[in-house]
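Numbering (full-length UniProt numbering), first residue to last: 1 to 288.
A short worksheet on the structure shown next.
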């Protein structure tokens, strides 16, 4: 019973972060579940099964609060679903760790760009309802993000969110809501792939149920937060989180001395806090 409560809390925390920032459900929940000694393929299968329900709840909540570009959702789900299904079927045979540091470095640079762009952008009274995602852009983005999501236990949000935020004129809440809503199709496709390759018997349904409950409770709270936060502040929050998570991946890949880790993380967090503080003060002065 105690483990189920812990798993429910993991699901709640992961969905609260994911629904607010457009990423990290898979990364957060997979990282915490792996500490229990569960096999990576089983962890990824459990997380994606839970995401079938949590992403549906999250998508419905974001649609209700007007955080979704429906055209972009439809353009992302087909290539994303194909990539997720392929990644799930071949998880055990793919050297996902080989490409991981290169993807993390690319996303780290994107995160810095997003952070700086939103930090120096004043809050505007006009907002575009469309992300402006073309079919040519959606196909490679969907395939890569969906594939990375299934093979890495999380990757749809960490890849799709910063790429879409890097587009000029995008509204942060629309990106977060669109990525979260489209993730439902990716979760379904990845789950089908895992069930084909692993079978139903490998899944612990009590764990999955606990993750689902926690995620469903957090989904509407996160969507409401995205609706209320100013666009500039949400962009800075997302950008900083992208930098922090990908810096962690790179530091672990490069086997940096553990004694330096707290200092590096501390500098990133302090820089992130200063960026948030600067953005708030800058926009407050503008309004005054």
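Glycine is no exception: its CB is placed at the ideal position from the N, C-alpha and C atoms.
- Query: Which of helix, strand or coil does DSSP assign to residue 254?
  - Reply: coil
- Would you mind reading off the limits of the alpha helix (DSSP H) that contains residue 174? 172-197
- Query: Between the stretch 66-78 and the stretch 136-151, are three or more C-beta pairs nearer than 8 Å?
  - Reply: yes
- Item | Span separating the alpha-carbon of residue 271 from that of residue 195 | 43 Å
- Item | Beta-carbon gap between residue 183 and residue 28 smaller than 8 Å | no
- Contact check, residue 111 vs residue 246, beta carbons under 8 Å: yes
- State the start and end residues of the unbroken alpha helix (DSSP H) segment that holds residue 3. 2-21
- Task: In angstroms with no decimal places, state the Cα-to-Cα distance between residue 159 and residue 101.
- Result: 13 Å
- Taking the alpha-carbon positions, what's the residue 107 to residue 7 distance? 29 Å
- Should residue 157 be labelled buried (16 or more other beta-carbon atoms within 10 Å of its own) or exposed? buried
- What is the DSSP secondary structure of residue 262, counted as helix, strand or coil? helix
- Item | Three-state secondary structure assigned by DSSP to residue 166 | coil
- Relative to the ligand HEM, is the shortest distance from any of its heavy atoms to the C-beta of residue 172 smaller than 7 Å? Looking at this structure, you won't find the ligand HEM or any other ligand, since it has none at all.
- For residue 212, is the classification buried or exposed, using 16 other Cβ atoms within 10 angstroms of its Cβ as the cut-off for buried? buried
- Nearest CA to the CA of residue 238: which residue from 260, 185 and 176? 176
- Would you kindly check if the distance between the Cβ of residue 181 and the Cβ of residue 68 is under 8 Å? yes
- residue 28 by DSSP, collapsed to three states: which one? helix
- Query: To the nearest angstrom, how far is it from the Cα of residue 65 to the Cα of residue 225?
  - Reply: 10 Å
- Task: With DSSP as the reference, label residue 204 as helix, strand or coil.
- Result: coil
- Count the other C-beta atoms from every protein chain shown that fall within 10 angstroms of the C-beta of residue 255, then say buried if there are 16 or more, exposed otherwise. exposed
- Item | Three-state class that DSSP yields for residue 68 in the structure shown | coil
- Task: May I have the straight-line CA-CA distance separating residue 178 from residue 231, to the nearest angstrom?
- Result: 15 Å
- Buried or exposed: residue 23, going by 16 or more other Cβ atoms within 10 Å of its Cβ? buried
- Have a look at 227, 261 and 218 and flag the residue whose alpha-carbon is nearest the alpha-carbon of residue 10. 218
- Is residue 101 helix, strand or coil when you go by DSSP? helix
- Query: For residue 126, which three-state DSSP category applies?
  - Reply: Because the pLDDT of residue 126 is 49, which lies under 50, any placement of that residue in the model is unreliable, and the number read from its coordinates should be weighed accordingly. Three-state result, residue 126: coil.
- Helix, strand or coil for residue 132, going by three-state DSSP, please let me know. coil
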